[in-house]
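Student: Residue 67 in the UniProt record's numbering is what sits at position 67 of the sequence shown, and the numbering runs on without skipping anything. Backbone N, C-alpha and C define an ideal beta-carbon position, used for all residues, glycine too. Sharing a structure below in structure tokens format, with a few things to ask.
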Amino acid sequence: MDTAVVQRSPVLSQLGAIDCDVHPDAPQRADLLPYLDDYWQEIVVSRDVDRLELTNFPTRTRPFFREDWKAAEGRGVEKLRKNLLDPFGLKYAILNCVTGVHAIYDPYLATAICRATNDWLKAEWLDKDPRLRASLVLPMQNPEAAVEEIERFADDKRFVQVLALCQGEMPLGRRYYWPIYEAAQRHGFTLGVHAGSAYRHAPSQSGFLSYLAEDYVHQIQGFAAQVGSFVAEGVLGKFPDMKIVLIESGVSWLPGQMWRMSKDWRGARIEIPWVKEPPAALVRRQIRMTTQPFDAPRDPKELERIIEHLDADDMLLFSTDYPHPQFEGDAAIPAGFPERLIDRLVRENALATYPRLEG
């Protein structure tokens with residue numbers, strides 16, 4: 001085992017870390033039925049709607065579960081305590097429930113499933129451990145209903161973020177989504193953009209891919225497109241108090257995009273006059289990224305060079321991506337990560353990113 005990993009392991013449990021990407025068990029129909037009204041109960045039963053999964057984000061398929069975490073006894077919060085909360089000494093863990101609800105075409109069914117999922121998260125997870133926080137699952141297919149869901153949970157500060165996919169119906173900067181962002185900013189929610197596709201469009205510029213291995217890598221294209229959309233459409237300027245977190249996006253691709261966007265903006269900004277600062281400055285101010293899966297080289301010198309290219313000590317947020325197998329043991333902090341930034345990584349950056357976290 002890497003000696004840097006061995007040295008890092010006992011430290012993490014003492015840092016009071018905030019894990020910004022934890023996945024609860026995906027709810028099944030039996031989990032959600034108590035939170036659906038009579039009409040929607042009949043719909044999901046008669047249509048045999050059970051566990052909803054995204055093709056490119058399966059929740060029960062190897063290698064998407066780490067074997068030691070999967071084998072632990074118990075389920076739900078009990079299992080999460082044994083595998084993550086207690087051994088990692090976490091102060092908070094933010095639950096991101098990524099399911100097939102994001103890909104449902106029917107906006108009314110999507111709204112009903114989102115409402116039930118949020119009520120289930122509240123009752124079966126948040127109410128059972130004070131360290132847990134969560135992202136609201138929103139029907140992005142139905143912005144009016146999404147705003148209503150934000151308003152419904154505005155007073156429950158345990159919900160700290162609203163969740164969207166990096167490959168959805170359209171670029172997230174479009175004005176179609178702005179009512180959601182206005183409500184989110186007004187109530188202090190962060191916007192989380194998670195890896196995953198609703199499969200409205202091919203995940204690559206050359207069409208559909210043959211293998212999950214390709215699809216997984218091409219998620220970066222989705223994240224890059226969303227960053228460009230947030231900048232060019234004016235979201236970052238219109239909602240300056242709302243942070244946007246890229247979840248499971250990787251890290252190493254963003255410096256090059258910031259450089260290219262800032263360079264091209266100088267020549268083409270006449271068509272987007274509302275972007276009054278270089279895109280790199282806007283991105284550094286409002287875009288954040290979770291660390292797992294960490295795609296930087298294992299050479300500490302190369303890793304620090306990438307962090308220097310980001311040129312923003314507050315951009316990275318600690319995550320484990322539980323229960324996915326992104327690292328060995330409890331070595332969730334990338335080996336060679338600069339010691340001077342660890343406190344910011346595991347705790348301080350999250351507190352600055354999520355205004356509702358300690359509300």
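If distances are taken between C-alpha atoms only, which option among Pro203, Glu148, Glu149, Tyr177 comes closest to Gln167?
Tutor: That would be Pro203, whose Cα lies nearest to the Cα of Gln167.
Student: Return the residue from the list Ala213, Pro293, Phe230 that minimises the CA-CA distance to Ser252.
Tutor: Nearest C-alpha to Ser252: Pro293.
Student: Since I believe Arg131 is in contact with Ala93 (beta carbons under 8 Å), could you give me their beta-carbon distance rounded to a whole number of angstroms?
Tutor: That pair is a contact at about 6 Å.
Student: I'd like the span of the beta strand (DSSP E) that includes Leu121, first residue to last.
Tutor: Note, Leu121: premise wrong, no beta strand (DSSP E); alpha helix (DSSP H) at 107 to 124.
Student: Going straight from the alpha carbon of Pro325 to that of His187, what length do you get?
Tutor: Their Cα atoms are separated by approximately 34 Å.
Student: Among Arg81, Gln141, Ile244, Trp120, which has the Cα closest to the Cα of Tyr105?
Tutor: The candidate whose alpha carbon is nearest that of Tyr105 is Gln141.
Student: Can you have a look at Tyr354 and say buried or exposed, based on whether 16 or more other CB atoms are within 10 angstroms of its CB?
Tutor: Tyr354 is buried by the Cβ-count criterion.
Student: If you measure between the beta carbons of Val346 and Phe318, is that distance less than 7 Å?
Tutor: Yes.
Student: Closer than 6 Å by C-beta to Asn349: which residues in its own chain qualify, once you throw out the five before and the five after it? Chain order, please.
Tutor: Answer for Asn349: Asp314, Leu317, listed in chain order.
Student: Could you round the C-beta distance between Val137 and Leu163 to whole angstroms and report it? I think they count as a contact, below 8 Å.
Tutor: So it is a contact: roughly 6 Å between Cβ atoms.
Student: Among the candidates Asp129, Lys157, Ala195, whose CA atom is the shortest distance from the CA of Leu246?
Tutor: Taking only the C-alpha atoms, the option nearest Leu246 is Ala195.
Student: Would you list the residues sitting across from Thr99 in a DSSP beta bridge?
Tutor: Partner(s): none; Thr99 has no beta bridge.
Student: Does DSSP classify Gln286 as helix, strand or coil?
Tutor: Here Gln286 sits in helix by DSSP.
Student: To the nearest angstrom, how far is the alpha carbon of Leu80 from that of Asp127?
Tutor: Distance between the alpha carbons of Leu80 and Asp127 is about 14 Å.
Student: If you compare alpha carbons, which of Ser135, Lys70, Leu33 is closest to Asp19?
Tutor: Nearest option by C-alpha distance: Ser135.
Student: Does the region 224 to 244 come close enough to the region 271 to 280 to have 3 or more Cβ pairs within less than 8 Å?
Tutor: Yes, the region 224 to 244 touches the region 271 to 280.
Student: Can you tell which of Arg175, Asn56, Glu182 has its C-alpha closest to the C-alpha of Gln219?
Tutor: Residue Asn56 is the option with its Cα nearest to Gln219.
Student: Jot down the residue ranges of each uninterrupted beta strand (DSSP E) in the region 235 to 272, minimum 3 residues, whole runs only, in chain order.
Tutor: Qualifying beta strand (DSSP E) stretches, in chain order: 244 to 247.
Student: Within the continuous alpha helix (DSSP H) that includes Glu72, where are the two ends?
Tutor: Note that residue 72 is Ala in the sequence shown here, rather than Glu. Segment: none, Ala72 is in no alpha helix (DSSP H) and carries neither H nor E.
Student: What are the uninterrupted segments assigned as beta strand (DSSP E) that are 3 or more residues long and contained completely in the region 271 to 336, given in chain order?
Tutor: The region 271 to 336 contains these whole beta strand (DSSP E) runs: 287 to 290.
Student: Going by DSSP in three states, Asp50 sits in which element: helix, strand or coil?
Tutor: In the structure shown, Asp50 sits in coil (DSSP, three-state: anything other than H, G, I, E or B).
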